[in-house]
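Numbering (UniProt numbering), first residue to last: 1 to 636.
A short worksheet on the structure shown next.
Encoded structure:
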């Protein structure tokens, strides 16, 4: 049985994101909407697996703003709901986030922001606790997967109590760590799934006259939460000591272990903060009143530290408060980093404590392995085709603006087809701006899911404002980077039900582009097609290119399921001259160089059968090593 459906009293091993999903279900949600983004993705993936069984609505929306609006609409109609996104996704949803605090909710509403300290899979490591201040929405932060389960439920209770949205902030380490969780409650048999929208114009219509009044109510709620909230959102451990540590989120887990290593558990007061924005006022005042020294330990920005210093200054306490002097302001915290900060704070350092794990400064014995496009990835062929076609058309010094997705790896040699990468959909807007100020040709590279997410306004703007750039849509028919979630071009919903399939070429044609569809598995044919397209572009027409072939990982999976034999390629050493064109122009991981012959060899177990290397080889030294199934191309 799916562990998310386990009964009260059972102990199940849950990832932090799964724990959030279970906590939300126990809280009685009947609506969840999100856009996939690591490290948040598994929350709605988990909910989608049980949505039909539990008769709740779960969807992958086109972007975070729409996901927020969808879930918020349920909450203002009396149906508990959740929306989830990675930290940069909240930037996309910031408009509705701010307004939701003014209008409030009629049922529990939790916004999960999964932050990414350490840039594990993100372009920045912004600390989304700041969003709590500018929106006046409380931020709740668990310190473990088990607490993620517990504080999801507490967040819904807090939201219901004050009729207010709540941000549940997790980080990569909490989202993707597993921990045994003993379930407190059974899932509700019949959550409220139908609501009533109260037509309160002065609440839901945020014209300035209404918003001014709502702002006063918002500040009143904010102050109540700040002054009236104690446990479970703040807990004083070992009270009465002169030395105090205040810690929130994953930092608390590291503090707890570091104090045990230092033997200081009984000599320090610890204030565990589970609501870093706003910090619960009374517990902070209590620990500061008799303290002499305070160390605030938190990951990334000094969010709690600044609040604690403000409270201490306001009340005239004489204690000295430290934070980022001992704990770094960037990157992910670890036990060793927190231990080093605490041992310096208490002047009790023992360098030998880490000897058991060896010298961490020793150079690794294996070479670094940067991420690369998978063997058979259609993006590899697409880049080769487009660059070759541009070269044949005499279009030189091309600027490739890039975007967020697997295809971002095109920045590497030999492709060099991503020269910018800022945010979802940014390729097209940046391409438009560049076209107004530079003379080079510009290709804006964007994936299919990203096109739906934030690319459509960009292509409309490009046409409307007479920009000169070529949108290149790399359509692999799935949201590949985050784990193969569906999008409006896949024809299925989050729960696997068939739905309308909205094709990029139809959108592009509707806004004024002549579209050219290519199959990256047919290299020479595609180069010829793009040759004609580029002549049209040179004559002044708006053209867009769509390169469509399924993600190689999905093709390989389906080939195994259907027992379809894909082609596998080999190099004929007699015909091969060792020119390395196949290696240097494709950078395929399945191609390696034999150290003895100094000629390319294909690792057949890695080959996905895309055939790009065979198309590149000028000596026809690469051919199939097997007999593929007759209809193998249909899988692509």
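Beta carbons are placed, not taken as given, at the ideal position from N, Cα and C, and that holds for glycine.
Per DSSP, the bridge partner or partners of residue i
i           : result
residue 86  : 114
residue 244 : 269 and 294
residue 168 : 112 and 140
residue 322 : 295
residue 223 : Paired residue(s): none; residue 223 is not in a bridge.
residue 548 : 475
residue 444 : 401 and 471
residue 234 : 273
residue 388 : Its beta-bridge partners do not exist; DSSP assigns none.
Status (buried if at least 16 other CB within 10 Å, exposed otherwise) for residue i
i           : result
residue 37  : buried
residue 340 : buried
residue 29  : buried
residue 263 : exposed
residue 1   : exposed
residue 499 : exposed
residue 413 : exposed
residue 205 : exposed
residue 639 : Since the first and last residues shown for the chain are 1 and 636, residue 639 lies out of range.
residue 124 : exposed
residue 216 : exposed
residue 487 : buried
residue 438 : exposed
residue 447 : buried
residue 169 : buried
residue 630 : exposed
residue 387 : buried
residue 365 : exposed
residue 370 : exposed
residue 367 : exposed
residue 153 : buried
residue 122 : buried
residue 527 : buried
residue 266 : exposed
residue 603 : exposed
Cβ distance (whole Å) where residue i is taken to contact residue j below 8 Å
i           : j           : result
residue 601 : residue 571 : 6 Å
residue 233 : residue 280 : 5 Å
residue 107 : residue 86  : With a Cβ gap of about 25 Å, residue 107 and residue 86 do not count as contacting.
residue 472 : residue 381 : So it is not a contact: roughly 13 Å between Cβ atoms.
residue 556 : residue 586 : Going by Cβ atoms, the distance from residue 556 to residue 586 rounds to 18 Å, so no, they are not a contact pair.
residue 142 : residue 225 : The Cβ separation is near 18 Å, so there is no contact.
residue 518 : residue 470 : Not quite, the Cβ-Cβ distance comes to about 13 Å (not below 8 Å), so this is no contact.
residue 402 : residue 427 : 6 Å
residue 195 : residue 77  : 3 Å
residue 589 : residue 375 : 5 Å
residue 293 : residue 320 : 5 Å
Residue i vs residue j beta-carbon contact at 7 Å
i           : j           : result
residue 619 : residue 577 : yes
residue 117 : residue 299 : yes
residue 420 : residue 449 : no
residue 645 : residue 507 : The chain is shown from 1 up to 636; residue 645 falls before or after that span and cannot be answered.
residue 228 : residue 268 : no
residue 608 : residue 549 : no
residue 89  : residue 64  : yes
residue 12  : residue 181 : yes
residue 400 : residue 445 : yes
residue 97  : residue 135 : yes
residue 338 : residue 254 : yes
residue 46  : residue 18  : yes
residue 139 : residue 129 : yes
residue 82  : residue 148 : no
residue 377 : residue 481 : no
residue 323 : residue 287 : no
residue 84  : residue 43  : yes
residue 183 : residue 6   : yes
residue 93  : residue 175 : no
residue 410 : residue 418 : yes
residue 145 : residue 177 : yes
residue 543 : residue 536 : yes
residue 167 : residue 207 : no
residue 530 : residue 389 : yes
residue 248 : residue 276 : yes
Any non-hydrogen atom of the ligand NAD closer than 6 Å to residue i Cβ
i           : result
residue 299 : In the structure on display, the ligand NAD does not appear, and there are no ligands present to speak of.
Return the chain-ordered ranges of every beta strand (DSSP E) run that is complete within the region 578-610 and spans a minimum of 3 residues. 591-593 and 600-602
Where are the beta strand (DSSP E) runs, 3 residues long or more, that stay fully inside the region 148-215, in chain order? 166-171 and 178-182
Could you name each continuous beta strand (DSSP E) segment of 3 residues or more that falls completely within the region 483-540, going from the start of the chain to the end? 514-518
If we require 3 or more residues per run, which beta strand (DSSP E) segments fall completely within the region 300-346? As far as the region 300-346 is concerned, its whole beta strand (DSSP E) runs of at least 3 residues are 320-322.
With a floor of 3 residues, list each beta strand (DSSP E) that falls wholly inside the region 30-69, ordered by position along the chain. 31-34 and 57-60
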